[in-house]
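Numbering (UniProt numbering), first residue to last: 1 to 518.
Beneath this line is the structure, given in structure tokens, with notes to follow.
In structure tokens form, the structure reads like this:
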């Protein structure tokens, strides 16, 4: 039974994947030194579509900006040509600006005397068809369904007159209409020759035209992108909408606010079904609110929602019309003696995401990322410390309201890594495969590894988790602790998204969109 060395090598288990080396790819809307950022330009939502060929961002000014991938559309030849050129098929994604449109406008609720911001809270891509792109966008109260399509430009052909003398069709129309009373002759002409528009604006050849060509509308070969609002889903939420999520059936979606989750059909905008309602009879009995909700990626009957108490509930729509009871509850038991004034605040989950295969749920609370196996509700399978060095600063964070910041999280398409943002425009990437210790800190700038140092042989005592790599961040920031960790609370990276099929991350730092690849 001695199969030789080759057999032993084949049988050896593969080790954890090596840490990725991240590189800067692109930046859109980069700030110049000292440039002041306008509030309306700050990015508030980022989302890749399922193919990864399109990227959408929303901002506080109610605009949605679309980007499209360009490196896959270039003139790349056949496989044989690629082999001859030794062309790297796995080049990193490159995007370009495609179009933008005003999705939401500021409104005022007269019944409640409440201003409704135009800020885009979430964007979700829907299934595309016939070359058109479809997406949902929402502000605090209203969800809109958009269709973005290339349309051929229609132009009006000219009449056969001298173009050098003709100012255009507008001048003919405008000069022939006047509000002042005119003296008419018996044959319908004007007594005042100066009002005769034809003699003033147009020159006729001697003898006149043999035939008159009237203007017609012609479709040119030029195309322009047109965004059209197909549906508006309004008046269904008393509280601010924090989540929207498409169902895998391609026909329905959910929207969630603090106390309710509604189920919509994309084709029907005037009615929705309330499927989760946590509002107590007496509002004084309210102990927790819904913070995020997401449909399962493949099971159309399953969805998960998180709460401000740090729990995640999995519900099955087949059980009952109003899902008062959950099928599974995921929460971590509190360590005895560890309770403090901030315990409940930092336990609140700001974002949840399903992995691509639907097996895992990633959740982000204020201090940590947690990875949950939906088949194991006893506790998270992994916990990643995002910025543990801020724990002694929780009092300061509470006083300046930073402790209520809502950071998003994302998973890689292969499920091997997770990412989330932090302060000082930093974001963290963690490996979640068995045996890995990957924990990279990157900065949203053209040099993402600027604040990254190698793990020292003896880890710092202040970082209790073996997963978290000890990093030293630059001392140019106003607040730096004993380990050299900066905490500039004014610059925070709340929104980021992972490309669905490649190791590429898009993240928002104020009004700038940064993209990285590995």
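Cβ atoms here follow ideal geometry from the backbone N, Cα and C, with glycine treated the same way.
Endpoints, the alpha helix (DSSP H) within which residue i is located
i, result
"residue 399", "394-399"
Residue(s) in a DSSP beta bridge with residue i
i, result
"residue 27", "514"
"residue 423", "492"
"residue 109", "114"
"residue 275", "According to DSSP, which records beta bridges pairwise, residue 275 is partnered with nothing at all."
"residue 443", "426"
"residue 407", "According to DSSP, which records beta bridges pairwise, residue 407 is partnered with nothing at all."
"residue 497", "506"
"residue 431", "417"
"residue 364", "351 and 369"
"residue 269", "Per DSSP, none; premise fails for residue 269."
"residue 129", "132"
Cβ neighbour criterion (16 or more within 10 Å) applied to residue i
i, result
"residue 370", "buried"
"residue 235", "exposed"
"residue 102", "exposed"
"residue 429", "buried"
"residue 419", "buried"
"residue 435", "exposed"
"residue 516", "buried"
"residue 548", "The chain is shown from 1 up to 518; residue 548 falls before or after that span and cannot be answered."
"residue 252", "buried"
"residue 208", "exposed"
"residue 281", "exposed"
"residue 255", "buried"
"residue 473", "Bear in mind that a pLDDT of 32 at residue 473, under 50, signals an unreliable position, so the model cannot answer this."
"residue 37", "exposed"
"residue 293", "buried"
"residue 284", "exposed"
"residue 40", "exposed"
"residue 382", "buried"
"residue 34", "exposed"
"residue 142", "buried"
"residue 519", "A question about residue 519 goes unanswered here, because the residues of the chain that appear run from 1 up to 518."
"residue 213", "exposed"
"residue 275", "buried"
"residue 514", "buried"
"residue 339", "exposed"
"residue 130", "exposed"
Residues near residue i by beta carbon distance below 8 Å, same chain, minus five either side
i, result
"residue 316", "301, 302, 323 and 327"
"residue 94", "25, 26, 69, 70 and 71"
"residue 312", "304, 305, 306, 329, 330, 331, 349, 352, 361, 363 and 372"
"residue 168", "Low local confidence applies: a pLDDT of 45 at residue 168 is under 50, so the model's placement there is unreliable, with the coordinate-based value given in what follows. So the list is empty, once near-sequence residues are dropped."
"residue 410", "353, 362, 418, 419, 420, 496, 497, 498 and 505"
"residue 110", "none"
"residue 221", "152"
Element boundaries [beta strand (DSSP E), containing residue i]
i, result
"residue 224", "217-233"
"residue 97", "95-102"
"residue 253", "252-256"
"residue 145", "143-156"
"residue 506", "504-509"
"residue 542", "As displayed, the chain neither begins before 1 nor continues past 518, which places residue 542 out of reach and without an answer."
"residue 372", "368-373"
"residue 45", "43-48"
"residue 246", "243-246"
"residue 382", "382-385"
"residue 281", "Taken as a continuous stretch (DSSP letters only), residue 281 belongs to no beta strand (DSSP E), as it is neither H nor E."
"residue 260", "260-265"
"residue 20", "Counting along the chain, residue 20 falls outside any beta strand (DSSP E), and DSSP gives it neither H nor E."
"residue 138", "133-138"
Residues near residue i by beta carbon distance below 7 Å, same chain, minus five either side
i, result
"residue 604", "Since the first and last residues shown for the chain are 1 and 518, residue 604 lies out of range."
"residue 117", "106, 139 and 140"
"residue 404", "none"
"residue 188", "Residue placement at residue 188 is flagged as unreliable, the pLDDT there being 47, under the threshold of 50; a coordinate-derived value is accordingly withheld."
"residue 478", "Note that residue 478 has pLDDT 42, beneath the 50 cutoff, so the model's placement of it is unreliable and the number below is only indicative. Cβ within range, chain order: 488."
"residue 148", "66, 99, 132, 133, 225 and 227"
"residue 308", "288, 289, 291 and 348"
"residue 400", "489"
6 Å Cβ shell around residue i - same chain, five flanking residues per side excluded
i, result
"residue 438", "19 and 431"
"residue 468", "Any reading at residue 468 must be qualified, since the residue scores a pLDDT of 33, below 50, and its modelled position is unreliable; no value is offered."
"residue 510", "37 and 42"
Test: residue i CB closer than 9 Å to a CB of chain C
i, result
"residue 385", "Absent from the structure: chain C. Only one protein chain is present."
**Report entry** Complete beta strand (DSSP E) runs within the region 290-362 (minimum length 3 residues, chain order)
**Finding:** 290-295, 302-307, 312-316, 328-330 and 351-354
Query raised in the report: Taking only runs of the beta strand (DSSP E) that begin and end inside the region 51-75, which ones reach a length of at least 3 residues, in chain order?
Result: 54-59 and 63-69
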